[in-house]
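Undergrad: Sharing a structure, written as structure tokens. Questions coming.
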Amino acid sequence: MSPTPTARVAALVVHPVKGCAGIPLRTAELTPAGLTHDRSFMVVDDSGDFRSQRRDPRMARIVPELDADGTRLVLSTEGFSPVKVDVDPEGRRLDVAVHRQPLVGVDQGDEVAEWLTEVFGQASRLVRVPEDHRRETGGLTPGTAGFADGHAAVVGSLSSLDLLNERILATGGEAVPMDRFRPNIVVSGWSEAHTEDRVRRVRLGTAELGYAKVCIRCAVTTVDQVSGVKRGPEPLRSLAGYRRADDGGVAFCSKFAVTVPGTVSVGDPLDVTEWAEPEQGLGPRLADATR
């Protein structure tokens with residue numbers, strides 16, 4: 001049975017450069033690979049491995065501005081002059097990797113590489129998803145994605161965040177904002193926490209999503225996205241008390257594939273057309289934790 005309150009899109013956030021600051025949107029296109037331009041750029045080290053807030057939390061302070069057509073990118077951060085990038089979709093190709101998955105990126109030139117190298121103090125380059133990018137993502141609903149960790153869209157609900165913050169506050173910690181989890185779509189109106197775990201098919205705007213898997217969280221969630229400084233151990237410590245997945249790690253938010261591309265806007269209602277029980281014992285554990 002679905003929750004009775006009407007669920008709506010409370011926020012849309014695109015992250016053009018993997019690991020860098022997100023940009024809130026009012027309306028966006030959901031393409032097969034997620035929100036337009038989401039994780040379509042990536043910073044890599046000299047071995048081609050992606051840079052992450054896990055090791056470089058200051059990435060949260062790098063703010064991207066991208067033209068609607070994706071042809072001009074500007075990166076800015078405190079203490080450095082902004083760098084402008086005329087996006088090159090057909091430049092030199094580099095072998096890159098996301099969590100050991102081999103991919104290909106289009107190098108965006110020496111000027112932005114020198115800027116990033118100065119910011120990080122280590123050799124870095126910026127790459128873009130190639131036009132012929134072909135990446136298959138798994139889970140219950142297969143799909144594709146750009147340079148995201150694994151799937152096209154991450155969905156989280158405000159009710160889930162409310163429960164988490166109740167548990168954090170109960171142990172004397174400080175509440176965390178939703179941006180710690182870097183979701184693409186934030187949902188309001190579900191009365192039960194982690195309802196997103198049970199959604200299998202959903203329409204929002206003119207687009208449709210299919211559930212892939214729960215989102216296992218890492219140390220990025222301990223990074224303050226405003227200051228670019230780690231503030232742990234929360235939220236991981238509290239999540240460990242009631243959101244441990246059977247396969248390891250702790251879960252918050254769910255990952256989805258785009259099954260029907262379309263337009264989505266803040267305020268759009270969500271029409272869930274298929275439900276199922278949560279995976280990996282998260283349903284019983286959540287029930288025990290909220291009694």
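So for the sequence shown, UniProt numbering puts the first residue at 1; every next one is plus one.
Glycine included, every Cβ here is placed at the ideal spot set by N, Cα and C.
It should be emphasised that the depicted structure is a prediction, and the values quoted were computed from it without experimental measurement.
Could you tell me whether the region 155-169 touches the region 187-196, where touching means 3 or more Cβ pairs closer than 8 Å?
TA: With the cut-off at 8 Å, the region 155-169 and the region 187-196 touch.
Undergrad: Would you call the CB atoms of Gly121 and Ala33 closer than 8 Å?
TA: Taking the sequence shown and counting its residues from 1, one reaches residue 121 at position 121. Taking the sequence shown and counting its residues from 1, one reaches residue 33 at position 33. The answer is no: Cβ separation not under 8 Å.
Undergrad: Which residue comes first and which comes last in the alpha helix (DSSP H) that contains Thr117?
TA: Sequence index remark: in the sequence shown, residue 117 carries index 117 (1-based). Here the alpha helix (DSSP H) through Thr117 covers 110-120.
Undergrad: Helix, strand or coil for Ile62 per DSSP?
TA: On the sequence shown, position 62 is the one that residue 62 refers to. DSSP places Ile62 in coil when its eight states are reduced to three.
Undergrad: Asp38: which of Pro177, Glu78, Thr222, Val258 sits nearest, CA to CA?
TA: Position 38 of the sequence shown, counted from the first residue, corresponds to residue 38. Measuring from the Cα of Asp38, the nearest candidate turns out to be Val258.
Undergrad: Nearest to Glu90 by CA position, among Arg100, Val98, Gln108, is which residue?
TA: Here residue 90 corresponds to residue number 90 of the sequence shown, with the count starting at 1. The shortest Cα separation from Glu90 among Arg100, Val98, Gln108 belongs to Gln108.
Undergrad: Taking Glu274 as part of the beta strand (DSSP E), name the residues at either end of that continuous run.
TA: Against the sequence shown, residue 274 aligns to sequence position 274. That run of the beta strand (DSSP E) goes 270-275.
Undergrad: Determine the direct distance from the alpha carbon of Glu277 to that of Leu126, and round the result to whole angstroms.
TA: Along the sequence shown, read from residue 1 onward, the residue named residue 126 stands at position 126. Along the sequence shown, read from residue 1 onward, the residue named residue 277 stands at position 277. About 41 Å.
Undergrad: What does the Cβ neighbour count give for Gly267, buried or exposed, with the cut at 16 atoms within 10 Å?
TA: Here residue 267 refers to the residue found at position 267 when the sequence shown is read from its first residue. That one is exposed.
Undergrad: Here's a check: name, in chain order, each residue in its chain whose Cβ is nearer than 8 Å to the Cβ of Arg61, leaving out the five neighbours to either side.
TA: As a first step, residue 61 is located in the sequence shown; it is residue number 61 there, counting from the start. Answer for Arg61: Ala21, Thr77, Glu78, Ser227, Gly228, listed in chain order.
Undergrad: Spatial neighbours of Ala7 within its chain, please: CB distance less than 6 Å, with the 5 preceding and 5 following residues excluded, ordered by chain position.
TA: Numbered from its first residue, the sequence shown carries residue 7 at position 7. Taken in chain order, the residues that qualify are Val187, Gly189, Trp190, Leu270.
Undergrad: I'd like to know whether the C-beta atoms of Gly205 and Thr263 end up nearer to each other than 8 Å.
TA: Residue numbering aside, residue 205 sits at position 205 when the sequence shown is read from its first letter. Residue numbering aside, residue 263 sits at position 263 when the sequence shown is read from its first letter. Closer than 8 Å, so yes.
Undergrad: Between the region 124-139 and the region 42-55, do at least 3 Cβ pairs fall closer than 8 Å?
TA: Contact between the region 124-139 and the region 42-55 is present, because at least three Cβ pairs lie under 8 Å.
Undergrad: Beta carbon of Pro261, beta carbon of Leu103: below 8 Å?
TA: As a working mapping, residue 261 is identified with position 261 in the sequence shown. As a working mapping, residue 103 is identified with position 103 in the sequence shown. No. Outside cutoff.
Undergrad: Under the assumption that Thr222 contacts Lys230 (Cβ atoms under 8 Å), give the Cβ distance between them as a whole number of angstroms.
TA: On the sequence shown, position 222 is the one that residue 222 refers to. On the sequence shown, position 230 is the one that residue 230 refers to. Indeed they touch by this definition, with Cβ atoms about 5 Å apart.
Undergrad: What did DSSP end up calling Glu196 once you bin it into helix, strand or coil?
TA: Counted from its first residue, the sequence shown places residue 196 at position 196. Three-state result, Glu196: helix.
Undergrad: I need the straight-line Cα distance from Arg198 to Thr117, nearest angstrom please.
TA: Numbered from 1 along the sequence shown, position 198 holds the residue referred to as residue 198. Numbered from 1 along the sequence shown, position 117 holds the residue referred to as residue 117. Computed Cα separation, rounded: 43 Å.
Undergrad: Along the chain, where does the alpha helix (DSSP H) containing Gly283 start, and where does it finish?
TA: The count along the sequence shown starts at 1 and reaches residue 283 at position 283. Taken as a continuous stretch (DSSP letters only), the alpha helix (DSSP H) holding Gly283 covers 282-289.
Undergrad: For Leu126, report the span of its beta strand (DSSP E) as first-last.
TA: Counting from one through the sequence shown, the residue named residue 126 turns up at place 126. 125-128 is the extent of the beta strand (DSSP E) around Leu126.
Undergrad: Determine which residues share a DSSP beta bridge with residue 295 and list them.
TA: A question about residue 295 goes unanswered here, because the residues of the chain that appear run from 1 up to 291.
Undergrad: Between Thr24 and Ala11, what straight-line distance do the alpha-carbon atoms span, to the nearest angstrom?
TA: Taking the sequence shown and counting its residues from 1, the one referred to as residue 24 is at position 24. Taking the sequence shown and counting its residues from 1, the one referred to as residue 11 is at position 11. Residue identity differs from the one stated: residue 24 is Pro in this sequence, not Thr. C-alpha separation (whole angstroms): 7 Å.
Undergrad: Would you kindly report the start and end of the unbroken beta strand (DSSP E) that includes Ser76?
TA: Translated into positions along the sequence shown, residue 76 becomes position 76. 72-77 is the span of the beta strand (DSSP E), which, as asked, contains Ser76.
Undergrad: Quick check on this structure: which residue in Asp110, Val13, Phe256 has the alpha carbon closest to the alpha carbon of His151?
TA: Indexing the sequence shown from 1 puts residue 151 at position 151. Nearest option by C-alpha distance: Phe256.
Undergrad: Can you look up Pro3 in the DSSP assignment and give me helix, strand or coil?
TA: Working through the sequence shown from its first residue, we reach residue 3 at position 3. Confidence at Pro3 is low in this model, with a pLDDT of 46, below 50, so the placement of that residue should be treated as unreliable; the coordinate-derived value is given next. Note: Pro3 maps to coil in three-state DSSP.
Undergrad: At which residues does the alpha helix (DSSP H) containing Glu166 begin and terminate?
TA: As a position in the sequence shown, residue 166 is number 166, starting the count at 1. Segment 158-170, the alpha helix (DSSP H) holding Glu166.
Undergrad: Going by DSSP, which residues form a beta bridge with Pro24?
TA: Within the sequence shown, numbered from 1, the residue matching residue 24 stands at position 24. Answer is Val13.
Undergrad: Rounded to a whole number of angstroms, what is the C-alpha to C-alpha distance between Glu65 and Arg182?
TA: As a position in the sequence shown, residue 65 is number 65, starting the count at 1. As a position in the sequence shown, residue 182 is number 182, starting the count at 1. For Glu65 and Arg182, the distance between alpha carbons rounds to 17 Å.
Undergrad: Just tell me which of Val9, Val63, Ala28, Arg200 has its CA closest to the CA of Lys18.
TA: Indexing the sequence shown from 1 puts residue 18 at position 18. Answer by Cα proximity: Val63.
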